[in-house]
Structure formats: C-alpha cells, structure tokens
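For reference, the structure discussed in these notes is given below.
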Amino acid sequence: MESFHAGTVLKLRGNQGEEMVAKLLVVIHAEEEFDWEQGFNSANNAVNHHQVLIPFMAELIDVGAKITLAMDYPFVDSPGGQEVISHYQPRVDQQVEFAAHLHPWVNPPFVSTQEEASDFESYPCNLSPEIEFEKIRLLTEKIQSVSGMTPVTYLAGRYGIGPLTNQHLRSLGYQVDLSISAYCDFSHQSGPDFSERTNQPFVENAIRHIPHTSSWLSVSRRLEMKVNQFPSWSKRLNHTGLTRFIGKALRLRKYRLSPEGNDLSQLLAITQAQLNIGQEVFVLSFHSPSVVEGRTPYAQTAEDCLNLKTTTRRYIEWFQQELGGEIVLAKDMAMTEA
Ligand SMILES: [Zn+2]
Numbered sequence: 135m136e137s138f139h140a141g142t143v144l145k146l147r148g149n150q151g152e153e154m155v156a157k158l159l160v161v162i163h164a165e166e167e168f169d170w171e172q173g174f175n176s177a178n179n180a181v182n183h184h185q186v187l188i189p190f191m192a193e194l195i196d197v198g199a200k201i202t203l204a205m206d207y208p209f210v211d212s213p214g215g216q217e218v219i220s221h222y223q224p225r226v227d228q229q230v231e232f233a234a235h236l237h238p239w240v241n242p243p244f245v246s247t248q249e250e251a252s253d254f255e256s257y258p259c260n261l262s263p264e265i266e267f268e269k270i271r272l273l274t275e276k277i278q279s280v281s282g283m284t285p286v287t288y289l290a291g292r293y294g295i296g297p298l299t300n301q302h303l304r305s306l307g308y309q310v311d312l313s314i315s316a317y318c319d320f321s322h323q324s325g326p327d328f329s330e331r332t333n334q335p336f337v338e339n340a341i342r343h344i345p346h347t348s349s350w351l352s353v354s355r356r357l358e359m360k361v362n363q364f365p366s367w368s369k370r371l372n373h374t375g376l377t378r379f380i381g382k383a384l385r386l387r388k389y390r391l392s393p394e395g396n397d398l399s400q401l402l403a404i405t406q407a408q409l410n411i412g413q414e415v416f417v418l419s420f421h422s423p424s425v426v427e428g429r430t431p432y433a434q435t436a437e438d439c440l441n442l443k444t445t446t447r448r449y450i451e452w453f454q455q456e457l458g459g460e461i462v463l464a465k466d467m468a469m470t471e472a
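With the working numbering applied, the sequence shown corresponds to residues 135 to 472, in that order.
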C-alpha cells in the first residue's frame with residue numbers, strides 16, 4: 135500500500151479544477167458497554183468508560199479535532215454519560231456536537247416484554263414506523279432534557295436506516311444523518327444493503343446524508359478505483375469461482391475508516407483510495423467503549439487501546455497538517471454544499 139510522503143500537502147482539485155479542502159467528521163458512537171457476542175439485551179445499560187473517554191476527547195480536541203458525539207439512550211441516561219455531557223457542554227457548537235444514536239433494544243418505548251432483541255429487531259429500520267418514530271422521539275427528548283441541546287444529527291444503531299427514517303427525522307427537527315455505511319451489506323442479518331452506495335454525501339427530503347466512510351482497497355489500483363466508483367462491481371466479482379479468485383488474488387477487501395482494527399497506514403490508504411475517485415468528505419468513527427480494554431471486540435488489551443488512541447490522534451493530525459484538510463462537526467454540513 136502506498137502511503138503519503140511526510141510534509142506534502144496535497145492540493146485537491148474539483149471537477150472545474152478549483153481547489154478543494156477535504157473535510158473530516160470525527161464521530162464517536164457513545165454507547166453502553168455490552169458483550170457483542172451475547173446478543174442485544176435491554177438490561178445492558180452500563181457506562182463505565184467515561185473517565186477514560188473525557189481525557190481522550192480532550193486530547194483529540196487539543197490537536198484540532200471537532201467531535202460529533204452520537205449518544206444513545208443508556209449513555210445519556212447514565213451517570214457516566216452525564217459526566218461526559220456536562221464536561222463538554224461549554225464546548226458544544228465549537229468543538230463538540232451532541233448527536234443522537236439509536237440502539238432500539240435499550241431505548242424506550244419497549245414494546246416487548248422480552249429483554250432479548252433478535253438480530254432483525256436490532257435494526258431500527260425493521261421496527262414498525264410508529265415504534266421507530268417513538269424511539270427516536272424519546273431519545274431526542276432525553277438528550278434535550280439532560281444536555282439542554284436539541285440534536286440535529288442522527289445515527290441509526292447498526293446503520294439501520296430505512297425508507298421512513300428520513301420522514302421521522304424531518305418531523306423531529308433533524309438536518310443531518312450519518313447512518314449510511316458505504317459499500318456495506320448487512321442483508322445477511324436482516325439489515326440494510328448499502329453495497330451500491332459510495333461515500334458521496336447527498337440531500338434527500340431536506341436531510342443531508344453523510345455516509346460513514348469505507349473503501350475497497352486492492353493491490354491493483356485499477357480494480358480498486360473501479361469498485362470504489364462503481365460498487366456493483368464488487369457483486370459481479372463475487373459472481374463466479376473465477377471472478378472470486380481474481381478478487382482474492384488482487385486482495386480486494388473493504389475497510390472502514392476507523393481505528394478499530396486498522397492501523398494508521400490502512401487509514402491513509404483508505405483515504406487515498408477515496409481521494410483518487412474525487413471523494414472529499416470523510417467520516418472517521420469508533421465506539422466509545424473501545425477506549426477501555428475488553429469492552430468491544432476491537433480493543434481487547436491495554437495495548438490495543440493505546441494503539442487505537444494513538445492511531446486516532448495521528449490520523450487527525452495528518453488530515454490537517456499533511457492533507458491540508460479541515461475538521462468539521464456534522465451539523466456544519468447541514469446547509470453547506472458538500
Ligand atoms: Zn452503536
């Protein structure tokens with residue numbers, strides 16, 4: 135994989151040759167700790183990682199980050215999450231944005247007496263429209279009552295945005311949605327299929343959608359560009375034994391722009407691959423419990439946590455200093471042309 139030369143600020147050019155500035159959103163999925171292997175249980179409400187999250191956010195802000203904190207119900211409802219909120223309240227609108235993140239299995243109203251939610255029910259888009267709306271509404275109210283702020287940015291849990299979500303968001307005053315996961319297909323577990331979506335932001339029904347950044351990478355630059363530009367190619371490559379073999383041989387793989395499971399060189403390669411097809415808006419994301427060891431599958435040891443934090447900080451520094459990009463809050467993208 136190619137990496138950037140230190141000290142080179144890349145000049146991005148738009149279609150008309152004009153100079154562009156790449157934009158980065160740093161999105162933290164602020165949520166309860168739960169064992170990801172043990173299913174979705176409404177009893178999992180613990181937030182105990184706040185004492186590590188607070189200084190880590192400060193460290194990122196110190197190097198120029200603006201943080202979109204997408205908070206779910208248990209996070210906002212917990213003493214730990216509330217400490218994070220009150221700590222960062224003075225920085226809201228400047229360096230921090232309080233956004234909403236819906237984990238339906240731990241978010242009222244609860245329609246089932248069962249504590250356990252199935253894979254199907256874990257995607258908000260699979261709920262009845264009334265229940266999906268009510269859950270977003272109660273989450274919005276909770277954020278308002280605890281933080282005094284009205285969230286304008288939404289992130290569906292498990293990227294579970296559906297055909298009616300936009301309507302709900304609009305009627306509740308939202309302007310930005312971060313729920314799309316470019317190139318990803320969750321249909322094997324009853325989730326949405328974004329395999330034909332790129333990272334290109336767009337507006338629909340007055341809501342600006344900014345996908346969570348992923349990218350295909352390959353040792354073949356040509357294949358990488360083709361699949362990133364025309365994502366349906368990835369399905370074609372999976373079609374027959376021969377095409378699957380070609381994809382494998384050329385090490386075609388999808389990566390998320392996240393320090394969870396990726397090192398800095400991978401994050402730079404993902405960014406480069408998307409710059410190569412003209413993409414200039416990026417979403418770097420991770421889950422808040424990953425700052426403490428053993429709370430998510432991505433950070434099992436203290437060393438994993440340290441690596442995750444270092445990678446995040448160094449990417450944020452690189453994005454500004456080497457790429458010449460700018461870090462923005464999600465809400466800043468609401469009315470601007472992306
Ligand atoms: Zn989540």
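C-beta atoms are modelled at their ideal positions from N, C-alpha and C, and glycine is treated no differently. It should be emphasised that the depicted structure is a prediction, and the values quoted were computed from it without experimental measurement.
Mapping DSSP to helix, strand and coil, what is residue i?
i      : result
Ser315 : strand
Met359 : helix
Asp466 : helix
Asn372 : coil
His237 : coil
Asn410 : helix
Asp486 : Not covered by the structure: residue 486. The range shown for the chain is 135 to 472.
Tyr449 : helix
Asp169 : coil
Ser137 : In this predicted model, Ser137 has a pLDDT of only 44, less than 50, meaning its place in the structure is not dependable enough to derive any value.
Ser246 : coil
Thr142 : Caution applies to Thr142, whose pLDDT of 48 falls short of 50 and renders its modelled position unreliable; the model cannot decide the point.
Val280 : helix
Val197 : coil
Val475 : Since the first and last residues shown for the chain are 135 and 472, residue 475 lies out of range.
Val210 : helix
Glu471 : Reliability of the predicted coordinates at Glu471 is poor, the pLDDT of 47 falling under 50, and no value is obtained from them.
Asp438 : helix
Val218 : helix
Val425 : helix
Which residue wins for smallest C-alpha separation from residue i, given the options the options?
i      : options                        : result
Leu351 : Tyr432, Leu272, Gly381         : Gly381
Asp319 : Ser366, Asn339, Tyr308, Leu273 : Ser366
Ala407 : Arg448, Arg370, Lys360         : Lys360
Val230 : His221, Cys259, Ile188, Lys200 : Lys200
Asn260 : Thr287, Gln309, Asp327         : Asp327
His346 : His322, Ser313, Arg370         : Ser313
Tyr288 : Pro258, Gly325, Ser262         : Pro258
Asn241 : Asn179, Thr446, Gly412, Thr377 : Asn179
Thr405 : Ile450, Gln434, Met283, Ala433 : Ile450
Pro297 : Asn339, Ser256, Ala316, Pro285 : Asn339
Ile219 : Pro189, Arg390, Gln454         : Pro189
Glu268 : Ser348, Val161, Leu236         : Leu236
Val462 : Leu391, His183, Thr202         : Thr202
Gln413 : Ala383, Ala316, Asp227, Ser354 : Ala316
Val353 : Thr332, Gln309, Asn396, Ala403 : Ala403
Lys465 : Arg387, Leu440, Gly307         : Gly307
Asp227 : Asp211, Pro285, Thr332         : Pro285
Ala251 : Glu275, Asn300, Ala177, Ile270 : Ala177
Ser348 : Leu401, Thr374, Thr445         : Leu401
Gly294 : Asp253, Thr332, Gln309, Ser279 : Asp253
Phe174 : Arg448, His302, Gln248, Ile195 : Gln248
Pro263 : Thr374, Asn300, Ser279         : Asn300
Assuming contact is defined by CB atoms lying nearer than 8 Å, are residue i and residue j in contact in what I supplied?
i      : j      : result
Ala265 : Ala234 : Per the sequence shown, residue 265 should be read as Ile rather than Ala. No.
Ser368 : Ser329 : yes
Glu165 : Ser422 : yes
Phe232 : Met154 : no
Tyr222 : Leu273 : no
Gly459 : Leu158 : yes
Val417 : Ile344 : yes
Glu427 : Asp438 : yes
Ser392 : Phe420 : yes
His183 : Val415 : no
Val181 : Glu193 : no
Leu489 : Leu386 : Because the chain in this structure spans residues 135 to 472, residue 489 falls outside the shown range and cannot be described.
Arg378 : Leu384 : no
Arg292 : Ser256 : yes
Ile162 : Ala204 : yes
Val197 : Arg447 : yes
Val310 : Gln216 : no
Under the DSSP definition of a beta bridge, which residues are partnered with residue i?
i      : result
Phe232 : Leu203
Ile461 : Leu158
Leu351 : Arg387
Arg342 : Val310, Val337
His322 : Answer by DSSP bridge pairing: none, since His322 is not bridged.
Ala290 : Leu236
Phe420 : Ile162
Ala251 : Phe174
Val415 : Lys157
If we cut at 8 Å on Cβ distances, does residue i have a partner in chain D?
i      : result
Ala290 : As a matter of chain content, chain D is missing from the structure shown, which is built from one protein chain.
- Give me every residue whose Cβ sits closer than 5 Å to any heavy atom of ligand 1, in chain order. His163, Glu165, Gly291
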